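Worksheet for the structure shown next.
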Amino acid sequence: MNPILIDADDRLRAPGKQFRPREFRRTVGLILPYRGTVALGMLLAILFALLNTTGIAGVFPVLKILLEQEGLQGWAVRTVAEDRLGSDFAPLVPGENLRVAKVSPGGSLAQAGVRALDELVPPEPRSVRAWLDEVVATPAGAPVEVRVRTPEQATTSVTLTVGPADAKSRALHRLAALLPADADTHKLRTLTGILGVLVVVVVLANVCRYAGEVLVARGVLRAMMDLRGRLYERVLRLPMSYFAAQPTADVVSRFVQDVQEIQRGLLTLFGKFVREPLKAVFIVGLALALDWRITLAMVVVAPVAVVLFWTVGRQVRKAGHRLLRAYGTMIDALTATLHNLRVVKAYTAEAQEQRRLRTIDREVFRQQLKLARQEAFISPMLETVAVIAGSVVTVWLAGRVLNEQLSLSKFVQLGFTLSMLFDPLRKLSDVYVRVQRSTAGAERIFSVLDRPDEQAAATTPVAVGPLRERLEFVGVTFTYPGSEVPALRDIDLSVERGETVAVVGPNGCGKTTLMGLLLRFFDPDRGVVRYDGVDLRGVDLASLRRQISLVTQEAVVFAGTPVDNIAYGQDEPDGRHVEAAARRASADEFVRALPGGYAAALGERGTTLSGGQRQRLAIARAIFRDAPILIFDEATSQVDTESEQKIQQALRSLAEGRTTFIIAHRLSTIQFARRIVVMDAGFILDTGTHAELFERCPLYRTLCETQFLNASA
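Under our numbering, the first residue of the sequence shown carries the number 2, and numbering increases by one thereafter.
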């Protein structure tokens with residue numbers, strides 16, 4: 002790929018340090034036609050996040066059963082009693098009194114003078130559990146009796162006023178009521194039941210995740226199919242000047258690499274960007290329900306994570322640009338090598354091509370490795386920060402456990418919840434990276450979609466029909482993009498309707514370029530090309546090109562059948578007309594000899610045909626179109642003498658009544674032309690008949706003598 006073109010393309014892009022919200026919005030807007038499908042997928046992602054958090058919360062009762070003697074019901078009753086009495090109690094231990102771990106100011110215990118480390122001794126003959134059940138069942142404002150034993154073994158009787166239960170306590174009491182009455186006695190059975198519920202929750206969560214990801218993928222993939230369709234439509238309507246300045250491989254890479262980057266970014270955005278933050282939100286909610294102090298971890302980690310995302314994401318976006326350009330270079334080299342493989346093999350240049358491709362591949366590897374390093378950096382760094390923050394929080398929580406301010410099961414649950422919290426944060430780093438890389442591809446694609454098409458020069462294009470009077474080139478000068486030397490200089494030429502004109506000259510003199518202006522593949526830099534007096538810039542392109550049949554110097558054969566190629570552009574061609582065109586182009590005989598005849602598969606670029614056969618098939622295509630203007634550009638350069646004679650006969654017949662341009666080096670092809678135009682270095686040197694030019698034009702005479710235009714023929 003030409004580095005100059007890459008630099009020019011880069012100037013059209015935003016600096017790598019800037020976030021491109023416009024491209025991001027346009028990228029997300031691609032999903033709008035399929036917003037229902039994607040929205041349903043996102044809704045399932047929300048349900049997955051909720052069920053996933055429910056599964057995480059389900060670990061807590063399992064820990065209660067396995068790690069503590071008080072059991073689930075005992076924990077639930079103790080927790081509700083703590084709320085109503087304004088205190089924290091140590092976990093219940095059968096046969097022991099209820100020890101106070103913490104007294105809340107203003108609570109019932111504080112008003113009664115109870116302090117931390119005191120023990121509550123229920124009145125005989127009630128057990129601690131029975132007394133807690135009484136506290137839970139007592140109406141708000143009612144008294145309960147209990148004895149208080151201090152660490153010094155002093156015992157006093159107090160009356161406690163039971164406060165109202167908050168919403169959390171009421172919900173916990175209802176959930177505990179769902180457990181069997183003997184849940185704390187038969188712990189294994191209770192554990193089995195809880196694990197069964199957790200399995201069902203996990204299965205439902207993963208079903209939602211699967212269905213959600215499939216729906217999001219369906220919407221994104223269909224949007225990408227639409228995007229490729231729009232891109233293909235735009236590329237086909239871009240002026241030829243765009244392709245003169247842009248390598249074909251770079252255009253192809255936009256269809257493949259750039260669209261793929263957008264696809265990955267959208268799949269990540271509508272998948273992980275919805276699912277992972279919701280998981281984080283629900284997990285934070287669970288952590289707050291367990292202990293609000295867990296938010297300290299978020300305060301520590303969140304700003305660091307944001308800085309990491311932003312810094313690394315900018316670098317990834319710049320590296321993505323460079324990698325996409327490297328891919329374009331590689332595709333360009335591979336396409337050229339494979340397209341010219343016969344020459345490579347004939348000149349035993351395999352090793353040379355291998356070295357060239359290896360050099361290009363090393364550059365791709367270098368860019369890939371640089372991008373991989375940047376992407377690999379963010380997750381370990383985030384995990385390192387998470388471990389540091391988690392260790393700090395763990396030490397702090399462990400201190401509370403040792404001071405009997407936190408139960409062991411709650412400590413384990415908080416640690417597990419904390420680890421689950423960092424998982425969505427880690428995955429969110431991939432979201433930002435993917436979105437940044439997708440904007441790099443989006444910029445390249447939208448830069449093509451935003452280009453004006455070749456019809457844009459005329460606001461109200463005029464449709465034209467068959468030529469009535471003449472074609473005129475008036476003072477035409479044209480220079481290819483990126484070139485400093487004009488391909489055409491001050492061309493003045495008028496061709497009457499029905500006239501046959503041959504254009505000859507050395508290679509590179511501008512013959513094919515002149516015909517390209519007639520088809521309006523390009524617009525002149527100066528001067529004007531007129532069709533019946535109308536400037537081609539104001540002509541409807543489709544109507545203009547329908548009046549012209551073209552046979553190019555390099556025979557073009559598309560993948561498909563001979564019928565597809567001869568009747569190119571028509572969906573349901575008349576088979577008789579196809580065969581008639583093939584016969585007139587001396588193609589019928591070899592087509593019928595193909596396996597399958599007119600229904601034979603020719604392969605990409607007609608690789609199953611010889612050069613002469615491809616040329617005759619292209620000529621048959623022009624004959625089939627039967628347009629009033631014919632352009633034959635070296636149309637008989639690759640056919641044998643016998644076929645050439647037949648084609649000349651068909652050409653003479655076909656040229657009658659039509660305006661015909663013939664570009665050729667053989668006298669047999671051009672001698673019946675009414676006029677011959679001699680060109681050199683972009684200028685028209687002379688015009689006239691063969692005899693006139695041979696007599697007075699030195700260049701024409703040289704062409705006749707050196708390029709096998711036999712003057713005596």
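We put the CB at the ideal spot given by N, CA and C, even for glycine.
Computed from a prediction, not measured in an experiment: that's the story for all the values here.
- Contact annotation: G511 and G683 have beta-carbon atoms nearer than 7 Å.
- In this structure, the alpha-carbon of E657 lies about 13 Å from that of I624.
- With 16 or more neighbouring CB atoms inside 10 Å of its own CB, Y328 falls in the buried class.
- Look at Y569 here: in three-state DSSP terms it is coil, with no helix or strand label.
- For D526, the closest alpha carbon among the candidates L545, L358, A441 and S484 is that of S484.
- The count of Cβ pairs closer than 8 Å, one atom from the region 44–61 and one from the region 222–242, stays below three, leaving the stretches out of contact.
- In the structure shown, the three-state DSSP call for A212 is helix.
- Your pair L93 and R36 does not check out as a contact, with CB atoms roughly 54 Å apart and the cut at 8 Å.
- By the criterion of a C-beta distance shorter than 7 Å, R622 is surrounded in its chain by N566, I567 and Y569, once the five residues flanking it on both sides are discounted.
- Look at F662 here: in three-state DSSP terms it is strand.
- Inclusion of L494 and F522 in the CB contact set at 7 Å is not warranted, their separation being larger than that value.
- Short of 6 Å from the beta carbon of V122, and not among the five residues preceding or following it, lie these beta carbons of its own chain, in chain order: N98, R148 and R150.
- N508 counts as exposed, since fewer than 16 other C-beta atoms from the protein chains shown sit within 10 angstroms of its C-beta.
- When DSSP states are grouped into helix, strand and coil, S88 belongs to the strand group.
- Boundaries for A674: no alpha helix (DSSP H) harbours it, and the DSSP string shows neither H nor E there.
- For the pair R471 and E497, the CB atoms are nearer than the 7 Å cut-off.
- According to the DSSP assignment, V136 belongs to the alpha helix (DSSP H) that extends over V129 to A138.
- Assignment of beta-bridge partners to T156 by DSSP yields R150.
- Remark: C-beta atoms of V465 and S544 approach each other more closely than 7 Å.
- Secondary structure within the region 509–594: the alpha helix (DSSP H) runs of 4 or more consecutive residues, fully enclosed, are 512–519, 542–546, 563–567, 576–585 and 589–593 (chain order).
- The DSSP-derived three-state label of G604 is coil.
- In this structure, the straight-line span from the alpha carbon of L603 to that of A619 is close to 13 Å.
- In this chain, the beta strand (DSSP E) harbouring S495 covers L489 to E497.
- Contact between V552 and D634 holds: their C-beta atoms lie close to 6 Å from each other, under 8 Å.
- Per the coordinates, the alpha-carbon of V217 lies some 21 Å from the alpha-carbon of V282.
- Where G476 is concerned, the enclosing beta strand (DSSP E) starts and stops at R471 to F479.
- If you draw a straight line from the Cα of S158 to the Cα of V145, it is about 11 Å long.
- In this structure, DSSP gives V101 an extended state, which the three-state scheme calls strand.
- In terms of Cβ geometry, V163 and T191 do not form a close pair [threshold 7 Å].
- For a cut-off of 8 Å, the C-beta gap from Q74 to A172 is around 15 Å, too long to register as a contact.
- When secondary structure is reduced to three states using DSSP, E234 falls in the helix class.
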